[in-house]
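Protein chains: 2
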Amino acid sequence: MLDIAIIGSGPAGLSAAINGVIRNKEVKVFGTDPEKSSYLRKAEKIDNYLGMPGISGEEMIRKFVEHAKEMGVQFHSGRVIQIFQMDDYFTLNVENEFIDAKTIILANGIVNEKAIEGETEFLGRGVSYCATCDGPLYRGKTAVLVGDSEAAEEDVNYLAEVCEKVYYVPLHKKTEKVDSRVEVIHDKPVAIEGEETVKTLKLKDNEELNVNGVFIIKDTVPTTQLLQGIEIVDKAIKVNQYMETNLKGVYAAGDCTGRPFQVAKAVGQGTTAALQAVSYLHKNS
Amino acid sequence: MLDIAIIGSGPAGLSAAINGVIRNKEVKVFGTDPEKSSYLRKAEKIDNYLGMPGISGEEMIRKFVEHAKEMGVQFHSGRVIQIFQMDDYFTLNVENEFIDAKTIILANGIVNEKAIEGETEFLGRGVSYCATCDGPLYRGKTAVLVGDSEAAEEDVNYLAEVCEKVYYVPLHKKTEKVDSRVEVIHDKPVAIEGEETVKTLKLKDNEELNVNGVFIIKDTVPTTQLLQGIEIVDKAIKVNQYMETNLKGVYAAGDCTGRPFQVAKAVGQGTTAALQAVSYLHKNS
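In order, the protein sequences belong to chains A and B. Oh and the first sequence: position 283 is 331 in our numbering, straight run, nothing missing. Oh and the second sequence: position 265 is 313 in our numbering, straight run, nothing missing.
Here it is as structure tokens:
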């Protein structure tokens with residue numbers, strides 16, 4: 049059982065992690081490799097993180113990751129699909145691996161909460177956020193995968209092995225290494241329709257696809273789907289000054305808590321969230 | 049007229065300052081030299097400021113100040129005695145120099161709010177926080193100065209030139225360069241008493257001192273005296289997640305906002321406070 053599960057490997061998540069480790073807690077960071085994924089990489093020059101003037105985003109994130117690794121922070125590259133609240137702990141579904149944690153720190157960045165029409169309505173009735181988890185349900189059937197990064201290709205290739213027919217609607221430009229059995233369609237998904245379960249995915253330009261399942265594989269699962277009951281205000285997770293959310297044992301830090309979208313603020317909130325989680329663990333142990 | 053007056057030169061104040069400067073605002077940091085005064089100096093090794101593992105407090109504050117100076121941050125070493133709220137701006141009394149500012153960021157650290165009995169009651173009626181400001185009122189009279197650092201010695205020597213008789217009650221151990229006309233008493237002040245104005249300072253071990261004035265010179269003025277009407281909860285300035293206080297145009301960041309007392313949190317809050325002040329300036333210009 050982890051003491052603290054940190055969802056997100058950007059500055060807020062890494063800052064929370066080093067503080068948790070320093071306080072001798074079992075900590076794990078869930079997220080993609082920040083040196084490849086963090087938006088920070090793209091910043092040419094950052095001048096407002098106190099103590100590191102004129103640093104490039106790439107160099108900054110390298111220093112951050114190095115610091116975390118030096119402190120012994122553990123990473124898990126799987127996507128967290130859903131977090132279930134149990135009695136006094138949480139269970140994370142990490143692409144069908146189930147991991148328990150006493151507290152959660154959400155540091156999942158800016159999450160595009162905009163769902164496809166019908167996405168939320170059909171979630172669990174044909175819509176899935178995890179090919180590894182739900183792929184086997186579509187053995188011999190037809191599925192479409194909507195993906196927003198190359199990471200989705202691994203999933204679509206897996207579905208090609210299992211399903212009768214697989215469509216792939218990439219939302220990003222480059223597609224590489226896609227299984228030849230997959231039919232790639234460059235288009236924009238507009239609506240998911242069906243009756244009891246999913247029947248079609250409507251597209252903007254092409255004809256609609258008749259499918260049994262729609263897999264939506266984005267780097268980040270919408271927060272409201274990730275953790276039921278979490279309070280969102282103006283697209284940001286509602287926190288108080290101690291980074292407590294409305295759910296006991298759940299903290300949030302960084303861009304997911306709203307403006308300003310700044311490294312220093314993310315790092316500071318990560319520190320606060322971790323120390324608050326540590327204090328919660330002490331009170332409840 | 050300053051755009052942003054920052055009260056305090058620790059990590060929160062410096063972080064606020066670089067962000068204000070980057071956003072092209074007229075910014076000034078009021079406070080003692082952080083390389084000499086910040087509590088950070090005393091930290092042997094800090095491991096939880098992301099990106100700078102294993103750094104000494106002394107080295108950290110040196111890097112912070114260097115960064116601020118590189119960005120062109122301006123410093124003012126005077127003590128801010130009081131901040132007056134005007135119509136849509138503020139006037140700072142900086143040891144009798146009066147400076148206007150459109151917004152205020154309080155980054156004055158952990159302030160010992162514990163007053164001497166009678167201190168608040170007699171403030172302005174014999175009790176003063178500023179020798180330069182009020183010294184001339186005690187020409188030919190008797191005054192006592194209670195000071196908590198060597199910085200108070202300059203003030204007590206000035207009073208020795210003006211007053212008939214000056215007592216000095218240092219709350220710290222070392223006293224150097226005190227004018228020979230000053231009577232130094234090592235004791236603990238217990239209560240200030242009088243009628244319309246101050247008449248005596250009661251001490252713990254010695255007899256009471258008959259005085260006309262009591263000067264209390266601490267590195268930091270109690271926040272509630274500094275700025276009338278500021279809301280304090282549990283000894284900390286009440287802020288929301290945007291570092292807004294209950295007063296319009298007044299923000300707070302760092303240790304003065306309460307736990308956790310951590311560099312990363314101070315730096316992050318400084319960033320947020322500055323950007324919020326900038327946004328306020330744009331809306332109100």
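By construction, the Cβ of each residue, glycine as well, lies at the ideal position given by its N, Cα and C atoms.
Counting only beta-carbon atoms, is T305/A nearer than 9 Å to chain B? yes
Three CB pairs or more closer than 8 Å across the region 153 to 166 of chain B and the region 267 to 280 of chain B: yes
Step through the CB atoms of chain A and report whether any lies within less than 9 Å of the CB of I55/B. No, I55/B does not count as interfacial toward chain A.
Cβ-Cβ distance between G242/A and E212/A below 9 Å: It is not a contact, given that the beta carbons lie outside the stated cut-off.
Under the DSSP definition of a beta bridge, which residues are partnered with T305/A? The partner list for T305/A (beta bridge, DSSP) is empty, contrary to what the question assumes.
Through-space distance from I278/B to M49/A, alpha-carbon basis: Taking the CA atoms as reference points, M49/A sits about 44 Å from I278/B.
Excluding the 5 residues preceding and the 5 following D235/B in the sequence, name in chain order all residues of the same chain whose CB lies nearer than 8 Å to its CB. V217, L251, K252, D253 and N254
Proximal chain A residues relative to D95/B, where beta-carbon distance stays under 8 Å: I66, I70 and M119
Nearest chain B C-beta to P82/A closer than 9 Å, yes or no? For P82/A, no CB of chain B lies under 9 Å from its own CB, so it is not counted at the interface with that chain.
Under 8 Å, CB to CB, which of the residues in the region 309 to 323 of chain A have a partner in chain B? Q310, A312, K313, A314, V315, G316, Q317, G318, T319, T320 and L323
Could you check the C-alpha separation between G102/B and I94/B for me, to the nearest Å? 5 Å
Backbone secondary structure at G105/B - three-state DSSP: Three-state DSSP puts G105/B in a helix.
For chain A, check one thing: does any of its Cβ atoms lie closer than 9 Å to the Cβ of F112/B? yes
When the cut-off is 9 Å and only beta carbons count, does G297/A lie next to chain B? no
Residue-level contact to chain A via CB, G99/B, 9 Å cutoff: yes
Are the C-beta atoms of S104/A and some chain B residue less than 9 Å apart? Chain B places no beta carbon closer than 9 Å to that of S104/A, leaving this residue out of the contacts.
Pairs of beta-carbons, one from the region 284 to 294 of chain A and one from the region 320 to 328 of chain A, closer than 8 Å: are there three or more? yes
Which residues DSSP lists as bridging I240/A, in chain order: L249/A
For the alpha helix (DSSP H) that contains V311/A, what are its first and last residues? V311 to K331
Residue closest to C178/A, alpha-carbon to alpha-carbon, out of I264/A, A300/A and R71/A: I264/A
Measure the C-alpha to C-alpha separation of M119/B and G68/A and round it to an integer number of angstroms. 33 Å
Best match in Q273/B, V246/B, A53/B and L274/B for proximity to G261/B [C-alpha to C-alpha]: V246/B
Mind checking if Q122/A is an interface residue toward chain B, Cβ cutoff 9 Å exclusive? no
With 16 other Cβ atoms within 10 Å as the buried cut-off, status of Q317/A: buried
Apply the 10 Å Cβ neighbour rule to D303/B and answer buried if 16 or more other Cβ atoms are within range, or exposed otherwise. buried
Output, in chain order, the set of chain B residues within a Cβ distance shorter than 7 Å of H115/A. L98, G99 and P101
Residue span of the alpha helix (DSSP H) that contains D182/B, given as start and end: A179 to D182
Neighbourhood of T139/B by C-beta distance below 6 Å, restricted to the same chain and skipping five residues each side: F132, F146 and D148
Which residue's Cα is closest to the Cα of E169/B: A284/B, Q273/B and D282/B? Q273/B
Which residue marks the beginning of the alpha helix (DSSP H) containing N205/A, and which one marks its end? A199 to V210
Is E255/B helix, strand or coil when you go by DSSP? coil
Distance, Cα to Cα, A191/A vs T80/A? 25 Å
For E145/B, which residues does DSSP report across the bridge? V142/B
Assuming G166/B and I240/B form a contact by the criterion Cβ under 8 Å, report the distance between their Cβ atoms to the nearest whole angstrom. 3 Å
Amino acids of chain B, ordered along the chain, whose beta-carbon sits closer than 8 Å to that of P59/A: L98
Would you kindly check if the distance between the Cβ of A199/B and the Cβ of G61/B is under 9 Å? no
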